[in-house]
Structure formats: structure tokens, C-alpha cells
Amino acid sequence: MPEKLEFKVSSGLKDIIGRDLITDDFIAVFELVKNSYDANAKNVFIEFENNKIIISDDGDGMSIDDIKDKWLFVAYSSKKQNDDEDDFRDKIQKRRHYAGAKGIGRFSADRLGDDLVLTTKQATSKKIQQISVNWNKFNNQKEKFENVKVDYLPLEDYIIPFPKNSKKGTILEISGTQGWDRKKKIGLKHSLEKLINPFSQSSDFNIEIISKEDLEEDKNGIYKQPPDLKGKTYLPRDRVNGPVKNGILDILNLKTTQISVTISQEVIDTKLIDRGTLIYQISEDNKSFDLIEDLKIDLYYLNTSAKNNFTRNMGIQPVNFGSIFLFKNGFRVQPYGEIGDDSWGLDYRSQQGYARFLGTRNLFGRVDITTDRTKEFKEVSSRDGGLVETLGYHQLMDAFMEKGLKRLERYVVGVLWGEGFKRRNYFGQDEVADNYRKELLKKDQESDDLSVAKSNLGSKLDFIQLIKSLTTDSEIKIIDFNKDLVNLVNEKLDDVQSKFITDLEKIAEKIDNPDLDKIINLTEERYNQILKEKEEALRRAEEEEKRRIAAEEKARKEEEARIKAEQKAKEEEEKRRSAELETLRKEKQRAEAELEKLKAQKKAEAEGEARKKAEENLKHEKDKSTYLSATRKTLSEDAEELIHSIKVSAIGIDEGLEKILQRLRTDKSSDNTLYEEIGKIKFITDKVMKLSMLITKSNFKADQEVRKVNISQYIREYIDTYSYAYTDKIKITVSGKSNFISRISVLDLSIVLDNLISNSHKAKAKQIDLEFKDSQKGLDVLIHDDGKGIPNEFSNNPSVIFELGVKSDVEGSGIGLHTVKKKMKENLHGDIEFIGNGIKLKGATFKLSFD
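Below, the structure is given as C-alpha cells:
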């Protein structure tokens, strides 16, 4: 025969089912208030004083037997047993369902304070029962739970102030409380607003908070923020003292889009209302949710106007109030609807499809189930973990998603957002669909009524598709729907595809409604008239096209005859000019020979002058050594830069000569024109001579002398002279003013300008714009051109184009930009950088910075 053993229960069980299970002070108060509700209380007072919380109600109260056999019986719940001994009349007046059913809510008092005094009285009893519990006595875990004693004191002929002077009720006096400042009390009040269904029309359960130390602040306090409330006295919900109320239902009913779903054992009724206007009402048999006997779903979509209205009236933004709350038997189930909670899976779902799903930021509402099936709709013991995932839980979630959310979503996203205007091919052209949707999104978000959607053809077409989908479901009975949203009589039907007229006919077949038949008949007449007008317009267009083609053919033949006559005259003119051209050819040959002679003579003169100056400088012993150094086999970097500048000038000479030859070939030159072009070449050859002298070190010091220079003024003067050499190649403009002065070598500045203008010319530029802009450090000069720009291969690392030997075009030497960078940094107290292509003109933009 086996020995019989039994469990022992440690006093540590108190923590497990008390402060460890109830992890939040607000939830602890919730649990105690729910006990008052389950005791049929109509009024509950929550009073704060001297580190105490006193929770009193006018409920049924308890006898000493109730205290012994129920309150002190851990995990026992009379709500599960339904063994109240009241007579029949009392029972039918009790609430049908209980908010709690685990028998552990009483241990919430342990979460709030160290000591509890429970005072209670029944209506039929003269005695007042009082017990005192010191929770610290349970801290010795070696002590058996049942061995920890609780003090009991019966009171006779003793008056206890139950709420509203009731002769029955229960008072919980919890002492040793901590941390209940004004902010926390306000937070409790806001949380209690959501404890009992704020959507309920019933007012048979009232909660009031009393805190004498907060009366003055409640009376005289003003908001410091947000801006809408700054300087105003507190709204009732932001005062500690007073009843816990929730006026949210009146606010939401005014300016929101809402769907209301009621599910009983037999029927599912659904009504969709938009800003006070009925959209549709349907009914269907309940074939999918056999465990649900009484469920109400109210979901609200808040547009911008509704959100602003909510904030004005509630003093808080909707997103900071919560989203979709769950209530079971009239009391809230945590954490559904809490800020940041996604127990319904809304935000996760909305992230999967942009602008196709609604999330917690624009949804508000409640799901309220009334049930005796405690096992199917059971809260987890932690009190803030939601419902246990049972079959009933899954039916509840499916009902919420399929019958509530998706139907509201279909209307909002389709009719009010126009998401499907283009995707569903409502119009013949995507541009037309986009225009209708932009107009809808622009205006409806701020609208307090349905006028915008009613006047939008895209919204009407989408609503027709919505109603059509409902009519095709044989399980759904359409009770009513908005006729204005299917009325297309006065719309611009030439943008509409014919299938929507057919859809209206299908809807009429399913719904026996004379008004709808009339609307559809008028719409068909209007649409057929438009089709007829289109056909007539097409016929006229075809006839006009035929006339146009005939006229063009006549004009073509006349033009051919004219061209033929002109061709004959042209041939005769060509014969006459052929003799003249032969004479001109011989004259051109003579001119070209003369030009070659002139070029050789000019070159000889330049070489002679350079040689003469070099010989004079050789007389001086000091400059002799400089000359010898300069003529070494390996050229210095300065020499390479100067040679590059000579090459740039030589290109100018070559282009000038080519221009003269071109004028001679076309016989458009005159003596004055020829003289002018040769003068330009003389200007460039003078520059070549000057650069040549630098290579031989002749007059090197004088040319590189550093002086005070107004940079913008010098550049303007230099460009005026330089542009003369590029009259027919590049137009150079200068804008902006600056008085910035720096000590520099004008020769170095000239070399920088020569190189940049030459690079623009190589890039096929026809226009160069220079801009002067004062900067914090000095002066910025922006140089824009309309050439080919810097190749894309340098876009990721544009600084490489300033390195020696790197060429930004095929013809370059890789010296020019390197020279400019070196001159700017070493001699001109500045820098150069490539800004980008297409900044002002289509080509490149460089910035010269002078400090």
C-alpha cells in the first residue's frame, strides 16, 4: 500500500500571485476596481491621503463566512462557481458576466502597499467585518502559507462611510504606498478611462478619484503645453479629483469613418458610416464563429480633420491615447490598444503594403466580447499579456480582421484614397486616374463631410466595384447603401470605361430598388448619348482629315512645279558663276601664298627679338648662371608650365590664321578685315614672346613681381583683352563685383585664366560665364562653360584631374589643370576645385578661391 503524500504551500506564494504577477500599479488598481464591479457596486471611490490609498465601493459586501471561505481561500473564485445565495430577484438584477475569474485579484493590494485593512458589510447584516493583513509576515518562505495569521475584528453599532451613504459595501485601506505624485495620479485617471468600455452607453458603474492635496492645482492650474491648450485651465480629464469619464464616443461619431459590426450566434450585422453619412448596411448568417455569441466591433478611421478634432476635445493626440482596445464582459483586456502595442498585428501588416493597409496611427476603436466561455476567452495570469491563444481567441481575431478591419480598409483605401484608380484601370489613361486621385487626397483629408468623395468620379467608380463585390457574395444581404456614390448621371462619362455601366446593371439585378433603377437608366442614356457624340465627332474628324490630305496633295504638286522651275533657274545661274569662281580660286591661291610669307616673316621677327633680349641679359654675370641653370637637359616644372602656356597661345595663332584662310576661301575678306585679324595674331604672338623670355629667364624677376591687385578688376580687364582673340569662338561674360585685394603675381593669374579658357575651348564651349562672389575668407570666382564637361570617369574622384599627367580630354597634355592648382595654392593664396557639370551652363564649373 503506497504512502499518501501532500503538497506544502510556502508563504512565498503571496509574491508569486501578488507583486510578481501584477507588475504595474495601475493594473493593481484595475484588479481591485474590477472586484468592486463584480460585487455589483455602482460607485467606487479611490482616495489618496498620507501614503494611503483607500478604495471603497457600495457593492454587496461580505459576511465573515465569505471572508473565510472565499476571500481567504487562495485561487478560489465564486465567479466560476456562480454559487451566490441571493434570492431570485437579487440574481436577475446582478450583472450577467464577471470581469475577473481567477481568484487572485485580491493580491493586487500587496503590489500597492505593505498593509491592508479590509472593512466590509452586507445589507442584511448589522455587523461590520474587518480584517488586517500585514503582507510582510509572508516574507519568511519557510513558513507555511496557511500558518500566517490574519487579524479579524467584528464591529457592531459602528458607522462606516460607504460611497453615496450606502449601508453596504467594502473599503480597502492600503498603507505604506509610495510614488503617487500628481503625474502618476493623472496617469491612473487616464488609464481608468479605458478600464470600462468607453464606447458603452451604460452609466451604471461610476469611478471617482479624491485627492485633497491636488484640489488647489485642479482649480487654478493651467496648461504649459501643447500650443493648442497653453494658458487654458485644465480639462476635466487632466484634473486629479472628480469622476472618471470618457466623452470619446461623441467626438468620434461626428467626423470619422466608422464600421460597426455586431455578431450574435445567428447573424452578423455590419454598418459603414462616413462622417455621419450611411455608406452601406449588410447582414449575413454567422457560419464561421460558433464560439462567439455576443461581439461588437467598432473601428474608426481618423483623417486629418478627425485627428485635429480629437486633440482639441481630449487634450491629447489620438496616437498618444491608444488604438483599438479589447473589452471582455465590459472590462478592458491589457495590452490591446496600448501605445506601441501591436497585438492586433496592424502595424506589421501595414508595413507589408504601402498605402494599402491601415495601421494604429490612423485607427481607433474597440472590440467588445460578452461571454461565459471563460476557458475560450481567458486572460493570461500576468494581467498584461492579453488572451490565451485558444480556438475562441482565433475566432475573435478572424472576426476582427475579416468582418471589421478589411471591410473598413477596402472603403478607406479604395474610395477615400483612390489606391486602385490606376491599378484597376478605371480610366482610359493613367494621367486621368492620377489627376482624380491627387484631387481626392488633397481635399478629403481635411474635409468634415463626404462632399469631396461624392464629387470625385474615381471614388464613385471604386464604390461601384465595392458594392458589386458585396452583391456577388450570395451569403450577404444588402439592406441599404449610399445612392449618391453610384449616381454617374452628371459625371464626365467620356473618361469612363463601358464595363462600369455593366457593373451598375449587375448591381440593380441583385438589389430591387426603384430609385437605383432610375439612376442606372439615366446613366445609360447619358452614356449612350456620349458614345453617339463621340462617333459623330470621329466621323467629322475623318472627313476633315480627308479634306486636309487632299489640300496637302494639291499643295505638294504646286510646290514640286515651283521647285522644278527654281532648279532650272539655279542651273543657269551656276553656269554663270562657274567662270567667276575660277577667277576667285586663282585670287585665293595668291592670297594664301602671301599669308604664308607673312607668317614666316612674323615668326622671324619674334625669334629675332627674343634672341636680342636674351643676348643683352647674358652680359650680366648673375643672370648668366640663371640662364645656364634654365638650359639644362631636364626642364624644371616652371618651364613645363610656361611651355604649356606657349602651346595654348600657339593654338590661338593657328586658329587666327585659319580664320583668315577661311575668309579668303569664301571671298568675304577685305583689306580692313584682314588687317584686323592679323592684329589679333600679333597680340597672341606678343604673349608667346613674353612666355619665351620667361623660359630663358630673361626679366624673370620683373614679370613675376608681387603687387597689390584688385583681382576682379584685373580679371575683367584681362578678359576684355583676351576675348578679342576669341571673338568668333567663345563668348565670355563677367558678372558680380568685388573689391577684394591681394598681393599676387599678375602673370601667375594670367596663366591660370589662359589655361582655363583654353580648356573650355578644347571642350567645344561657345560660352563662358565668370561670376565674382565675396566669401567669408575672401573672393570666389565661378567659371562656367557650355562645353562637353568633365568626363564621367572622374565623377567619383574629381580631384584627380589636377594631378600632373592626368588628362580630361584626348588632346590635352595633362599639365594645364595641374599648373592652375599649383599656381593657386603656392602663388595666389587660394585653391581651385571642380564643382560639377551642368551647374549653370551645360558644361563644367570650376571655383577659384582667393583668401
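Under this note's numbering, read the sequence shown as residues 1 to 851, first letter to last.
Every residue, glycine too, gets a C-beta built ideally from N, C-alpha and C.
Small disclaimer: the values here were computed from a predicted structure and weren't measured.
Beta carbon of residue i nearer than 9 Å to that of residue j
| i | j | result |
| --- | --- | --- |
| Val-244 | Glu-208 | yes |
| Arg-366 | Lys-296 | yes |
| Leu-363 | Leu-302 | yes |
| Lys-4 | Ile-64 | no |
| Ser-56 | Glu-47 | yes |
| Trp-344 | Leu-278 | no |
| Tyr-300 | Thr-256 | yes |
| Ser-264 | Asp-294 | yes |
| Tyr-280 | Ile-467 | yes |
| Arg-114 | Asn-147 | Residue identity check: residue 114 is Asp in the sequence provided, not Arg. For Asp-114 and Asn-147, no; Cβs fall outside 9 Å. |
| Val-74 | Leu-13 | yes |
| Leu-188 | Asp-368 | no |
| Leu-779 | Ile-839 | no |
| Lys-34 | Leu-195 | yes |
| Pro-236 | Phe-45 | no |
| Gln-58 | Lys-168 | The amino acid at residue 58 is misidentified as Gln; the sequence shows Asp. Their beta carbons are under 9 Å apart, which means Asp-58 touches Lys-168 by this criterion. |
| Lys-477 | Ser-283 | yes |
| Phe-357 | Val-415 | no |
| Ala-844 | Ser-742 | no |
Identified DSSP bridge partners for residue i
| i | result |
| --- | --- |
| Gly-836 | Thr-845 |
| Asn-134 | Asp-115 |
| Pro-154 | Gln-129 |
| Asp-298 | Ser-260 and Arg-366 |
| Phe-73 | Answer is none; Phe-73 lacks a bridge partner. |
| Gly-169 | Lys-121 |
| Arg-853 | Summary: the structure shown does not reach residue 853, with the chain confined to residues 1 through 851, and so no result is reported for it. |
| Glu-338 | Answer is none; Glu-338 lacks a bridge partner. |
| Leu-770 | Val-734 and Ile-783 |
| Gly-830 | Phe-850 |
| Asp-290 | Asp-290 pairs with nothing; no bridge assigned. |
| Ser-350 | Bridge partners of Ser-350: none, in fact. |
Where the beta strand (DSSP E) containing residue i begins and where it ends
| i | result |
| --- | --- |
| Glu-49 | 43-49 |
| Leu-485 | From DSSP, Leu-485 is part of no beta strand (DSSP E); its letter is neither H nor E. |
| Gln-281 | 277-285 |
| Arg-373 | It is not in any beta strand (DSSP E) - Arg-373 carries neither H nor E in the DSSP assignment. |
| Val-333 | 331-333 |
| Val-388 | No beta strand (DSSP E) holds Val-388; DSSP gives it neither H nor E. |
| Arg-707 | 706-710 |
| Asp-57 | 52-57 |
| Ile-159 | Element bounds for Ile-159: n/a, residue is neither H nor E. |
| Ile-732 | 731-735 |
| Phe-325 | 324-328 |
Cβ distance (whole Å) where residue i is taken to contact residue j below 8 Å
| i | j | result |
| --- | --- | --- |
| Phe-846 | Phe-740 | Actually they are not in contact, since the Cβ atoms of Phe-846 and Phe-740 sit about 18 Å apart, beyond 8 Å. |
| Asp-290 | Glu-266 | Not a contact, Cβ separation roughly 11 Å. |
| Phe-794 | Ser-738 | Incorrect: roughly 30 Å between the Cβ atoms, too far for contact. |
| Asp-448 | Ser-305 | 5 Å |
| Asp-60 | Asn-40 | 5 Å |
| Leu-153 | Leu-32 | In fact, because the Cβ distance is near 21 Å, the residues do not count as touching under 8 Å. |
| Leu-391 | Val-333 | Their Cβ separation, rounded to whole angstroms, is 17 Å, which puts Leu-391 and Val-333 out of contact at 8 Å. |
| Leu-215 | Tyr-223 | Wrong, their Cβ atoms sit about 18 Å apart, outside the cutoff. |
| Phe-834 | Ile-790 | 6 Å |
| Gly-242 | Tyr-234 | Their Cβ separation, rounded to whole angstroms, is 10 Å, which puts Gly-242 and Tyr-234 out of contact at 8 Å. |
| Tyr-714 | Leu-756 | Actually they do not touch by this definition, with Cβ atoms about 15 Å apart. |
| Val-752 | Val-820 | 5 Å |
| Val-452 | Lys-443 | 5 Å |
| Ile-339 | Asn-313 | Not really, about 19 Å apart at Cβ, beyond 8 Å. |
| Ile-53 | Leu-116 | The Cβ separation is near 10 Å, so there is no contact. |
Extent of the continuous alpha helix (DSSP H) run through residue i
| i | result |
| --- | --- |
| Gln-465 | 457-471 |
| Lys-184 | 182-193 |
| Glu-409 | 406-411 |
| Val-746 | 746-762 |
| Thr-311 | 304-314 |
| Leu-441 | 430-444 |
| Glu-475 | Note, Glu-475: premise wrong, no alpha helix (DSSP H); not H, not E. |
| Glu-31 | 25-38 |
| Pro-318 | 318-321 |
Residue i beta carbon near the ligand ATP (any heavy atom closer than 8 Å)
| i | result |
| --- | --- |
| Lys-70 | You won't find the ligand ATP in this model; it holds no ligand whatsoever. |
- Task: Write down every uninterrupted run of the alpha helix (DSSP H) in the region 202-275 whose length is 4 residues or greater and which is fully enclosed by it, in chain order.
- Result: 215-220 and 248-255
- Query: What are the complete beta strand (DSSP E) segments, minimum 3 residues, inside the region 774-818?
  - Reply: 779-785
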